[in-house]
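As given, the protein sequences belong to chains D and A, one line each in that order. Residues in the first sequence are numbered from 1 upward in steps of one, following UniProt numbering. Residues in the second sequence are numbered from 1 upward in steps of one, following UniProt numbering. C-beta atoms are modelled at their ideal positions from N, C-alpha and C, and glycine is treated no differently. Remember, predicted model here, so these are calculated numbers, not experimental data. Inspection log for the structure reproduced underneath, given as structure tokens.
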Amino acid sequence: MRNLWLIAKADFKNLITNPMWVFYATAFPLLLVMIIGYLTKGAYGNGFSSYDYYGVTLIIYSALSSGMTAANAFMEERIKKPNMRIIYAPGNVKSLFLAKIGASFVFSFLAHIVDFAILSLVFGIEVKGVGQLLVLLGLTELFSVTLGITMCCVIKQESMTNQLQSIIINLLAVLGGVLFSLDGFGGTVRKISMISPVKWIVNAAFQIIYDRDSHLLLPAAGFLAGCIIIMTAVCCFTFRKEDCIC
Amino acid sequence: MDMKIKEDEGIKCSEGLLRVEMLNKSYGDKHVVNDLSFQVNRGEILCLLGPNGAGKSTTINILCGLLDSDGGRVLWNGRDIWTCLNAYKKNLGVVPQELAIYEDLSAEKNVSFFASLYGLKGSELKEKTEEALEFAGLSDRKKDKACTFSGGMKRRLNIACAIAHGPKLLIMDEPTVGIDPQSRNHILSSVRNMQSKGITILYTTHYMEEVEEISDRILIMDSGNIIAEGTCASLKEGIFDERQFVLEMEEGHNTDTDGFFRIEGVRGVDKKDGQIIISSLKNVENLEGIIEMAQRDGGRIKNLFCRTATLENVFLKLTGKSLRDS
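Structure (structure tokens):
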């Protein structure tokens, strides 16, 4: 348990001192919201601005992309070698990937909370039901970083993991209406859109903020929590210490 | 419980620190390690030599607890390492061939972090970190990030990270690859220093001169088996039954080489660049006859020396000279 804490702390320090990952987790989502919000502001009314829409959807999109941070924190070349030394040390080998999940989650979650706060202050985006939103965002982050680590455990390669992850996340994001709402494309598209769990997360977030209603939160949170448990089990089953041999 | 410990102590005295018994490892149909058995004695420097694909790395990875074997046992103080893995790992230091350090952390933080994984904390951790850095000659650069270090300094940091927790057995896998002679020299003298402090060392390398310099005992591996074992001197003695006398002759005299074959024990004569190279059986004392023969007809010897087998000769004779690409 002590080693898990020590490894997670070291991983968190590695992430927070890497300018590229700090930019990716904090500045990139802000820029994305600012640019897309600005370009589409004519399509939204005064009561509900483009920033209100993209401030929520693109932060969820960024949270879903946290898996890439996790995959890098786990299997990037310069991290893989010290990982090998961690495996030489006494203790449970599972600490290695659990620490990566923990560190990547805390790093991404904090970064996106800061983003949310900045967007709320600067663009005045509507944020209500903060506690429920944090649960939803937190579970989304945890789902994403666990997905990244699971794919690494299964595929054993960071680059391949990130390529696949990018395809999956972007597909789910487009279907979920994160980049543009699919609601205006008719009933069939709307039904297809509901296949994506991202759509449930986005709808749950808007429901919490604008309707003060959390009845979509439970299924979304339940789905995310279930996936997290299953993926962690897959990690335990597929991670082998010899994968750390460089 | 006390009885058990005493029994184990007894085993460790008679059986060495680490004992490998009938170790096997295959990847698919390929047997990488075949019924490998050897022992690492307490306090010795045991060098493991072998060409590429000999199974050295696989063996080392099994001994480090990084890889499971398909069969056989590794005994630490008489106990199977898999039954006391954490206790075994606490006493084990590993210097991998790769630089297993965080490039973005300072030398001090690297050593401190890895040592803390072995349960060290507080003032003990600080003290051991300082000691390891001092030992590696990095005390004056301890606050600098590893990415600012030269290749040799990184190698030394790699060693410091492996020894800070005070291991009893240190496994070093090619620790001097790609570094300058000064750093190599420092590492080799560190290895001897560690031995004098009671650390047992298992050392793999491709550099024969390193093996000749530091080894107490050598194991030569090929195709997953140990094909020779002994001290450097005993391997050289045991493998070659011939020695070579090299006679450097003064210019202008054409010595008849056929005459040497009449001397007892001479097996071959070669003439090259003003030198006569005579291969002779080791156990036949025939030097006087050779000198006499060389000086016959007015030939004058400028220099004479005896060339004995090098470890490289031994290695090549045992493992063959064909290139290994695996």
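Rounded to a whole number of angstroms, what is the C-alpha to C-alpha distance between residue i and residue j?
{"i": "D/Asp52", "j": "D/Met34", "result": "11 Å"}
{"i": "D/Met160", "j": "D/Val154", "result": "11 Å"}
{"i": "A/Gln244", "j": "A/Met22", "result": "39 Å"}
{"i": "D/Trp5", "j": "D/Ser104", "result": "13 Å"}
{"i": "A/Cys161", "j": "A/Val211", "result": "23 Å"}
{"i": "D/Phe239", "j": "D/Lys94", "result": "8 Å"}
{"i": "D/Phe116", "j": "D/Ala221", "result": "20 Å"}
{"i": "D/Ser49", "j": "D/Pro19", "result": "32 Å"}
{"i": "D/Tyr24", "j": "D/Thr57", "result": "17 Å"}
{"i": "A/Thr148", "j": "A/Ser106", "result": "9 Å"}
{"i": "A/Glu288", "j": "A/Leu304", "result": "12 Å"}
{"i": "A/Val246", "j": "A/Ile214", "result": "28 Å"}
{"i": "A/Asn24", "j": "A/Lys317", "result": "25 Å"}
{"i": "D/Phe223", "j": "D/Ala205", "result": "15 Å"}
{"i": "A/Phe240", "j": "D/Met84", "result": "41 Å"}
{"i": "D/Ala10", "j": "D/Glu76", "result": "15 Å"}
{"i": "A/Thr200", "j": "D/Met68", "result": "42 Å"}
{"i": "D/Ile60", "j": "D/Val202", "result": "7 Å"}
{"i": "D/Ala233", "j": "D/Ile101", "result": "13 Å"}
{"i": "A/Ser183", "j": "D/Leu139", "result": "50 Å"}
{"i": "A/Lys121", "j": "A/Lys128", "result": "10 Å"}
{"i": "A/Glu108", "j": "A/Lys30", "result": "43 Å"}
{"i": "A/Asp180", "j": "A/Asp144", "result": "20 Å"}
{"i": "A/Leu75", "j": "D/Ile195", "result": "55 Å"}
{"i": "A/Pro175", "j": "D/Cys236", "result": "33 Å"}
{"i": "D/Asn72", "j": "D/Leu121", "result": "31 Å"}
{"i": "D/Ile230", "j": "D/Cys152", "result": "15 Å"}
{"i": "D/Lys80", "j": "D/Ser108", "result": "21 Å"}
Please tell me whether residue i has its Cβ less than 8 Å away from any Cβ of chain D.
{"i": "A/Glu212", "result": "no"}
{"i": "A/Ala100", "result": "yes"}
{"i": "A/Phe114", "result": "yes"}
{"i": "A/Ile67", "result": "Note that residue 67 of chain A is Leu in the sequence shown, not Ile. By this cut-off, A/Leu67 is an interface position."}
{"i": "A/Asp104", "result": "yes"}
{"i": "A/Leu117", "result": "yes"}
How close, in whole Å, do the beta carbons of residue i and residue j come, if the pair is a contact with beta carbons under 8 Å?
{"i": "A/Lys272", "j": "A/Thr257", "result": "Wrong, their Cβ atoms sit about 11 Å apart, outside the cutoff."}
{"i": "A/Arg156", "j": "A/Gly137", "result": "6 Å"}
{"i": "residue 249 of chain D", "j": "D/Ile7", "result": "Outside the displayed range of chain D (1 to 246) lies residue 249 of chain D, so it cannot be described from this structure."}
{"i": "A/Leu92", "j": "A/Thr59", "result": "Not confirmed; about 14 Å, so no contact."}
{"i": "A/Val33", "j": "A/Leu169", "result": "No, A/Val33 and A/Leu169 are not in contact; Cβ-Cβ is about 19 Å, not under 8 Å."}
{"i": "A/Leu117", "j": "D/Ala89", "result": "4 Å"}
{"i": "D/Ile242", "j": "A/Leu67", "result": "The question names Ile, but residue 242 of chain D in the sequence shown is Glu. Right, the Cβ-Cβ distance comes to about 5 Å (below 8 Å), so this counts as a contact."}
{"i": "D/Ala70", "j": "D/Gly129", "result": "Not really, about 27 Å apart at Cβ, beyond 8 Å."}
{"i": "A/Leu281", "j": "A/Gly265", "result": "4 Å"}
{"i": "A/Tyr207", "j": "A/Met172", "result": "Not quite, the Cβ-Cβ distance comes to about 12 Å (not below 8 Å), so this is no contact."}
{"i": "D/Thr17", "j": "A/Asp104", "result": "6 Å"}
Indicate whether at least one CB of chain A lies closer than 8 Å to the CB of residue i.
{"i": "D/Gly226", "result": "no"}
{"i": "D/Lys156", "result": "no"}
{"i": "D/Cys152", "result": "no"}
{"i": "D/Cys236", "result": "no"}
{"i": "D/Ile245", "result": "yes"}
{"i": "D/Lys241", "result": "yes"}
{"i": "D/Thr146", "result": "no"}
Comparing the CB of residue i with every heavy atom of the ligand MG, is any distance shorter than 7 Å?
{"i": "A/Phe260", "result": "With respect to small molecules bound, the structure shown includes none, and the ligand MG cannot be examined in it."}
Residue ranges of each beta strand (DSSP E) within the segment 92-176 of chain A, 3 or longer: Listed in chain order, the beta strand (DSSP E) elements of length 3 or more contained wholly in the segment 92-176 of chain A are 92-95, 169-173.
Could you please tell me which residues of the segment 3-18 of chain D, in chain order, have their CB closer than 7 Å to any CB of chain A? Identification of residues in the segment 3-18 of chain D having a C-beta nearer than 7 Å to some C-beta of chain A yields Asn3, Leu6, Ala10, Asn14, Thr17, given in sequence order.
Report the residues of the segment 86-105 of chain D with a CB closer than 8 Å to any CB of chain A, ordered along the chain. Of all residues in the segment 86-105 of chain D, only Ile86, Ile87, Tyr88, Ala89, Pro90, Gly91 come within less than 8 Å of chain A when Cβ atoms are compared, listed by chain position.
Can you pull out the residues from the segment 64-86 of chain D whose beta carbon lies closer than 9 Å to at least one beta carbon of chain A? For the segment 64-86 of chain D, which is checked against every Cβ of chain A, the residues closer than 9 Å are Arg78, Ile79, Lys80, Lys81, Pro82, Asn83, Met84, Arg85, Ile86.
Would you list, in chain order, the members of the segment 76-98 of chain A that have their beta-carbon closer than 9 Å to a beta-carbon of chain D? The segment 76-98 of chain A vs chain D, Cβ under 9 Å: Leu85, Asn86, Ala87, Tyr88, Lys89, Lys90, Leu92, Gly93, Val94, Pro96, Gln97, Glu98.
Taking a cut of 9 Å between CB atoms, which residues from the segment 195-225 of chain D lie near chain A? If the cut-off is 9 Å between Cβ atoms, the segment 195-225 of chain D has nothing near chain A.
Cβ-based contacts, 9 Å cut-off: residues of the segment 43-64 of chain A near chain D: The segment 43-64 of chain A vs chain D, Cβ under 9 Å: Ser57, Asn61, Cys64.
Pull out every residue of the segment 136-164 of chain A whose Cβ sits closer than 7 Å to any Cβ of chain D, in chain order. Residues passing the 7 Å Cβ filter: Cys161.
Beta carbons nearer than 7 Å to chain D: which residues of the segment 165-183 of chain A have them? Per Cβ criterion, the list is empty.
Starting from the N-terminal side, write out each stretch of the beta strand (DSSP E) that is 3 residues or longer and does not extend beyond the segment 200-232 of chain A. If we require 3 residues or more, the beta strand (DSSP E) runs fully inside the segment 200-232 of chain A come out as 200-204, 217-222, 225-230.
Alpha helix (DSSP H) runs contained entirely in the segment 7-42 of chain D, provided each spans 4 or more residues: If we require 4 residues or more, the alpha helix (DSSP H) runs fully inside the segment 7-42 of chain D come out as 19-22, 28-39.
Enumerate, from N- to C-terminal direction, the unbroken alpha helix (DSSP H) stretches of 4 or more residues contained entirely within the segment 16-90 of chain A. Counting only runs of 4 or more, we get 56-63, 85-90.
At 4 residues or longer, what runs of the alpha helix (DSSP H) sit wholly inside the segment 40-117 of chain D? With a minimum length of 4 residues, the continuous alpha helix (DSSP H) runs that stay inside the segment 40-117 of chain D are 50-64, 66-75, 77-88.
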